[in-house]
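All residue numbers for the sequence shown refer to the UniProt record's numbering, where the first residue is 1 and numbers rise by one.
From the three backbone atoms N, C-alpha and C, an ideal C-beta is built for every residue, glycine too.
This one's a predicted model, so the numbers in the text were calculated from it and none came from an experiment.
Below is one structure, written out as structure tokens; the observations come after it.
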Amino acid sequence: MNNRAKKELLFKIYSENFKYIKDNSSLKNNFEKDFGCYCPICLIYFEKADLFDKINPLTIEHNPPQSLGGKGSVLTCKKCNSEAGHKIDNEILNKLLEIDAVNFKPNAEIKTQFFNDSTEGKGVNANIKIDKDRKIIINIDSKNNNPKTQQNFLNSEVHEYKSPFFSDNLIDTGWTKKLKFTFKKPKKANERLATISLLKIAYLMAFEKLGHLYLFNKNAEIVREQIKFPDKEIIKNPFWINYKFPDNILGVNIITKPRELRSILVVYDLKTKSDTYRIAICIPGFSEDDDKIYENINEKLCKGESFENVEVNNYINSEYKIKNLEDTFLLVNFWESFVEKQ
Numbered sequence: 001m002n003n004r005a006k007k008e009l010l011f012k013i014y015s016e017n018f019k020y021i022k023d024n025s026s027l028k029n030n031f032e033k034d035f036g037c038y039c040p041i042c043l044i045y046f047e048k049a050d051l052f053d054k055i056n057p058l059t060i061e062h063n064p065p066q067s068l069g070g071k072g073s074v075l076t077c078k079k080c081n082s083e084a085g086h087k088i089d090n091e092i093l094n095k096l097l098e099i100d101a102v103n104f105k106p107n108a109e110i111k112t113q114f115f116n117d118s119t120e121g122k123g124v125n126a127n128i129k130i131d132k133d134r135k136i137i138i139n140i141d142s143k144n145n146n147p148k149t150q151q152n153f154l155n156s157e158v159h160e161y162k163s164p165f166f167s168d169n170l171i172d173t174g175w176t177k178k179l180k181f182t183f184k185k186p187k188k189a190n191e192r193l194a195t196i197s198l199l200k201i202a203y204l205m206a207f208e209k210l211g212h213l214y215l216f217n218k219n220a221e222i223v224r225e226q227i228k229f230p231d232k233e234i235i236k237n238p239f240w241i242n243y244k245f246p247d248n249i250l251g252v253n254i255i256t257k258p259r260e261l262r263s264i265l266v267v268y269d270l271k272t273k274s275d276t277y278r279i280a281i282c283i284p285g286f287s288e289d290d291d292k293i294y295e296n297i298n299e300k301l302c303k304g305e306s307f308e309n310v311e312v313n314n315y316i317n318s319e320y321k322i323k324n325l326e327d328t329f330l331l332v333n334f335w336e337s338f339v340e341k342q
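Laid out in structure tokens, this is it:
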């Protein structure tokens with residue numbers, strides 16, 4: 001399926017989802033716009049005529065980012081995709097690549113600069129790559145180096161001889177070349193922006209699964225504001241959970257107990273060439289005061305109890321499908337009849 005067809009299909013799914021909510025709620029009598037859907041980040045409404053608008057069309061958002069194994073599964077407007085997306089999405093990619101590199105994981109790659117006495121304070125650009133067998137491969141970036149500095153660096157190698165008569169390992173004997181140098185660690189990613197990218201992925205996964213039902217959840221406004229304004233510290237406490245969840249919890253779930261931690265729990269994998277990182281993010285549920293979840297995570301999990309006493313329900317993953325319009329309000333019923341009584 002090409003991008004145009006996929007965009008039209010996603011538009012149809014989310015527009016039908018909104019229409020069903022509108023036609024079966026108080027919106028029916030006071031909403032006059034044509035068939036369409038909202039951008040889940042900025043809440044601008046898009047009709048079908050706006051789908052391919054030249055200035056700010058709806059775009060296919062890869063969520064998680066394509067560079068970390070994500071697929072195009074949701075629509076956001078071009079402005080949000082570019083501004084809220086690229087700035088913070090690049091930071092989570094950089095952070096995970098940084099973790100790969102400093103731990104010398106297979107297939108990790110470090111862009112760096114080499115220094116020794118011969119370079120006189122100037123760096124020699126190079127790549128350090130760890131292959132699948134953890135062997136280190138070094139490539140000097142000749143195209144982006146001062147030729148004189150690079151040559152001085154290469155000429156600084158030292159020849160050493162080790163006699164076979166004084167070694168138990170003949171492979172290490174004879175003449176060898178040694179090149180001593182230091183190199184810079186990878187540039188540190190902005191950790192605050194990287195964590196907001198994790199929050200954005202979780203929020204869009206919830207929208208992908210629940211559609212406008214979650215969009216109209218008033219408790220979600222704090223999440224949208226943090227995504228739209230990543231340089232502001234709107235959510236001051238942790239929104240992630242350090243716990244290794246099993247595969248059956250991948251996706252959108254509900255924390256039902258304890259009451260203080262009631263929330264939507266989104267668990268997903270981010271994949272680099274070197275490793276897979278399992279992430280767990282909490283976003284607010286539908287009940288009164290569920291937007292206080294981040295204060296409670298800080299108190300309950302960061303300072304007190306472990307996650308072992310928390311109960312997770314996978315009703316959303318197993319039962320809820322956005323394409324089944326007649327099931328649109330099932331989660332509301334489940335939340336009122338089961339979740340709030342826990």
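Residues that residue i bridges to, as DSSP identifies them
i      : result
His212 : Partner(s): none; His212 has no beta bridge.
Lys148 : In the DSSP output, where bridge partners are listed per residue, Lys148 has none listed.
Ser263 : Ile255
Leu198 : Leu198 pairs with nothing; no bridge assigned.
His62  : Gly72
Phe52  : DSSP output for Phe52 lists no bridge partner at all.
Leu270 : Tyr277
Tyr45  : Tyr38
Ile283 : Ile264
Thr176 : Glu160
Phe183 : Phe114
Asn313 : Ile254
Cys77  : Leu58
Residue environment, residue i, which counts as buried when at least 16 other CB atoms sit within 10 Å
i      : result
Glu319 : exposed
Tyr214 : buried
Thr59  : buried
Phe18  : buried
Arg4   : exposed
Arg134 : exposed
Gly304 : Reliability of the predicted coordinates at Gly304 is poor, the pLDDT of 49 falling under 50, and no value is obtained from them.
Arg192 : exposed
Lys7   : buried
Phe35  : exposed
Ile88  : buried
Asp290 : buried
Asn155 : exposed
Val266 : buried
Glu98  : buried
Val223 : buried
Tyr203 : buried
Integer Cβ distance of residue i from residue j, believed to fall under 8 Å
i           : j      : result
Ile297      : Leu261 : 7 Å
Ala84       : Lys200 : 7 Å
Asn145      : Val158 : Not a contact, Cβ separation roughly 21 Å.
Asp284      : Asn242 : Residue identity check: residue 284 is Pro in the sequence provided, not Asp. So it is not a contact: roughly 20 Å between Cβ atoms.
Phe115      : Phe181 : 6 Å
Asn30       : Lys273 : Incorrect: roughly 51 Å between the Cβ atoms, too far for contact.
residue 387 : Ala189 : Look at the range of the chain in this structure, 1 to 342, and you will see that residue 387 is not part of it.
Tyr294      : Pro258 : No, Tyr294 and Pro258 are not in contact; Cβ-Cβ is about 15 Å, not under 8 Å.
Nearest neighbour of residue i, chosen from the options [CA to CA]
i      : options                        : result
Ile138 : Leu179, His86, Phe229          : Leu179
Pro40  : Thr176, Glu32, Ser15           : Ser15
Lys22  : Cys77, Leu9, Ala49, Tyr38      : Tyr38
Leu51  : Tyr20, His86, Glu91, Leu10     : Leu10
Ala49  : Pro64, Ser25, Thr272, Lys12    : Lys12
Ser263 : Ser73, Lys187, Phe35, Glu288   : Glu288
Ile254 : Lys209, Glu83, Leu193, Ile227  : Lys209
Lys341 : Gln226, Thr256, Leu325, Asn313 : Thr256
Thr119 : Asp247, Gln151, Lys7, Gly72    : Gln151
Asn63  : Phe153, Ser197, Asp291, Leu27  : Ser197
Cys80  : Ser274, Lys188, Lys228         : Lys228
Gln113 : Asn107, Asn127, Lys105         : Asn127
Gly211 : Val332, Asn155, Val267, Lys71  : Val332
Asp100 : Lys177, Lys187, Lys162         : Lys187
Phe216 : Cys42, Phe239, Arg278, Lys111  : Cys42
Gly276 : Val310, Asp247, Thr149         : Here residue 276 is Thr; the residue named in the question, Gly, does not match the sequence. Taking only the C-alpha atoms, the option nearest Thr276 is Asp247.
Gly70  : Met205, Lys129, Ile322         : Met205
For residue i, the three-state DSSP class (helix, strand or coil)
i      : result
Lys323 : coil
Ala126 : strand
Lys162 : strand
Phe114 : strand
Ile137 : strand
Cys39  : coil
Asn103 : coil
Gly304 : Residue placement at Gly304 is poorly supported in this model, since its pLDDT is 49, which falls under 50; the coordinates still yield a value, given next. Looking at Gly304 - three-state DSSP - the assignment turns out to be coil, as it is neither helix nor strand.
Val339 : helix
Glu109 : strand
Asp131 : coil
Proximity test, residue i beta-carbon vs the ligand FMN heavy atom, cut-off 6 Å
i    : result
Ala5 : This structure does not include the ligand FMN; it has no bound ligands of any sort.
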